[in-house]
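Data first, discussion second: the structure below is written as structure tokens.
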Amino acid sequence: TSSKAKILVTRRLPASIEARMATLFETDVNEADTALTPDDILFGLEGKDVLVSTITDRIDAGLIARLPQSVRLIAQFGNGVDNIDLDAAWSAGLTVTNTPSVLTEDTADMATALMLALPRRLLEGTQMLLQDRAWAGWSPTSMLGHRLRGKALGIVGMGRIGTAVASRARAFGLSIHYYSRKRRPPGIETPLEATYWDDLDAMLAAVDIVTLHTPLTRDTHHILSARRLASMKPGSHLVNVSRPELLDEAALIEQLEAGHLAGAALDVFENHDGINPRLLDLAQQGRVALTAHMASATLEARIEMGETVIVNIRTFMDGHQPPHRLLPETPVPRGPQA
Ligand code: 8YV
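Sequential numbering of the sequence shown, starting at 20, is according to this note's numbering.
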């Protein structure tokens, strides 16, 4: 017998993190690296103290009600926690932690890359060269895209990631507009000269590119509704590296097909295991850029996320407040509805 914390890790993590966990804790990792079913999670949690979860684990009220008594901490490997019913977890006396900050810069880099991809036709360029594995060569009018400098960027959610996107966008000469729950004081954290809008509809009608950086909550579910997508500026672009449920995907596809929106760059989809074929068609036409939920997918970020999970577990098991404990008064998602 040992006093080491007993943990269940639902997905494979970087080797160095798994190795550290194995020395620090009594660690059980789901070697299959496909999402566990709720029953598998419950079975795996027998006698465990901690659940190390990821976005692919749906931890709803039903699962929380059936958790073994021994489980007292849910340590999410990730920033977003919309897969967890936080109210149910808190009511059950559980502590929930996440891994913010360490993935901010990489996620902002990806949003910025996607912002450039469509107007500058990055993916089309590759596709064209691959077509016949031959190229007719340069001409003054070939592959013309559109200039980013001077355009208006609208950021929905000016938290850590939104702020990091804003500072990159400034370097590209975009004017910065943002909508968030509250106006941020200008300063080091929020770039100066960012225009705050308290009316999302008005901002959407005014900007050339919209990028989403808000957590998924009951309030932000389909924050880009069919009506709002229809009221975006004609010819504008949308970037989403956050959560698919922030927008009405079917309505987005309609606006793209109708030509109202010029393009969209998406890192997340409503249906991961069966991406809407109309989106794939739009991608083939160069109207949509698709990446595979990769915005925070750097080895560095994943290792730092793992280290953050470890710190959260160790401080909790030592009887202290974990540094990234989510509390009811913090403005965080309220998780999957029952
Ligand atoms: C991860 C993410 O892919 O942190 C998030 O919110 O979307 C990504 O970093 C995932 O959440 C890991 O659980």
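The beta-carbon is built from N, C-alpha and C at its ideal position, and this holds for glycine as well.
Pair within 9 angstroms by beta-carbon distance, T233 and G181: In the sequence shown, the residue the question calls residue 233 occupies position 214. In the sequence shown, the residue the question calls residue 181 occupies position 162. The answer is yes: Cβ separation under 9 angstroms.
Cβ contact (3+ pairs, closer than 8 angstroms) linking the stretch 21 to 29 and the stretch 68 to 84: Touching, yes.
Rounding to the nearest angstrom, what Cα-Cα distance links T20 and M40 in this structure? The sequence position of residue 20 within the sequence shown is 1, counting from 1. The sequence position of residue 40 within the sequence shown is 21, counting from 1. Here the model assigns T20 a pLDDT of 45, short of 50, so the residue's position is not dependable and the matter cannot be decided.
Distance check for L92 and D104, CA to CA, integer angstroms please. Against the sequence shown, residue 104 aligns to sequence position 85. Against the sequence shown, residue 92 aligns to sequence position 73. Distance between the alpha carbons of D104 and L92: 14 angstroms.
Beta-carbon separation of L141 and V260 under 9 angstroms? Working through the sequence shown from its first residue, we reach residue 141 at position 122. Working through the sequence shown from its first residue, we reach residue 260 at position 241. No, Cβ-Cβ distance for L141 and V260 is not below 9 angstroms.
Would the beta-carbon of S315 be found less than 8 angstroms away from any heavy atom of ligand 1? Counting from one through the sequence shown, the residue named residue 315 turns up at place 296. Under cutoff, so the answer is yes.
Contact under 9 angstroms by Cβ, A225 with A171: Taking the first residue of the sequence shown as 1, we reach residue 225 at position 206. Taking the first residue of the sequence shown as 1, we reach residue 171 at position 152. Going by C-beta atoms, A225 is nearer than 9 angstroms to A171.
Under a three-way DSSP split, which group does Q146 fall into? Mapped onto the sequence shown, residue 146 falls at position 127. In this structure, Q146 counts as helix in the three-state DSSP scheme.
Exposed or buried, F96, counting other C-beta atoms within 10 Å across all chains shown (16 or more means buried)? As a working note, residue 96 is residue 77 in the sequence shown. Label assigned to F96: buried.
Distance, Cα to Cα, P341 vs L266? If you number the sequence shown from 1, residue 341 lands on position 322. If you number the sequence shown from 1, residue 266 lands on position 247. For P341 and L266, the distance between alpha carbons rounds to 33 angstroms.
Taking just the CA atoms, how far does R306 sit from L275? To locate residue 275, count along the sequence shown from 1; it is residue 256. To locate residue 306, count along the sequence shown from 1; it is residue 287. For L275 and R306, the distance between alpha carbons rounds to 8 angstroms.
Is the stretch 153 to 161 in contact with the stretch 330 to 340, if contact means three or more CB pairs nearer than 8 angstroms? no
Exposure label - D151; buried when at least 16 CB within 10 Å: Residue numbering aside, residue 151 sits at position 132 when the sequence shown is read from its first letter. Burial is judged here by how many other beta carbons sit within 10 angstroms of a residue's own beta carbon; D151 has fewer than 16 and is exposed.
Do L231 and V175 have their beta-carbon atoms positioned less than 9 angstroms apart in this structure? Here residue 175 corresponds to residue number 156 of the sequence shown, with the count starting at 1. Here residue 231 corresponds to residue number 212 of the sequence shown, with the count starting at 1. Yes, the pair counts as a contact, with Cβ atoms nearer than the cut-off.
DSSP on S72, reduced to helix/strand/coil? Along the sequence shown, one-based indexing puts residue 72 at 53. Residue state, collapsed to three classes: strand.
Does the distance from the C-beta atom of M251 to that of H279 stay below 9 angstroms? Here residue 251 corresponds to residue number 232 of the sequence shown, with the count starting at 1. Here residue 279 corresponds to residue number 260 of the sequence shown, with the count starting at 1. In this structure, H279 lies closer than 9 angstroms to M251 by Cβ.
Is any heavy atom of ligand 1 found at a distance shorter than 8 angstroms from the C-beta of I74? The count along the sequence shown starts at 1 and reaches residue 74 at position 55. Yes, Cβ of I74 sits closer than 8 angstroms to a heavy atom of ligand 1.
Between R200, S199 and L167, which lies nearest to R189 when the distance is taken from Cα to Cα? As a position in the sequence shown, residue 189 is number 170, starting the count at 1. The shortest Cα separation from R189 among R200, S199 and L167 belongs to L167.
Could you give the distance in angstroms between the alpha-carbon of A51 and the alpha-carbon of D59? Sequence index remark: in the sequence shown, residue 51 carries index 32 (1-based). Sequence index remark: in the sequence shown, residue 59 carries index 40 (1-based). Approximately 12 angstroms, taken between the alpha carbons.
Which of helix, strand or coil does DSSP assign to V115? Within the sequence shown, the letter at position 96 stands for residue 115. Strand.
Could you tell me whether any non-hydrogen atom of ligand 1 is closer than 8 angstroms to the CB of T53? By one-based count along the sequence shown, residue 53 stands at place 34. Not one heavy atom of ligand 1 lies closer than 8 angstroms to the C-beta of T53.
Run through DSSP, which three-state label would R344 get? Your numbering for residue 344 matches position 325 in the sequence shown. DSSP places R344 in strand when its eight states are reduced to three.
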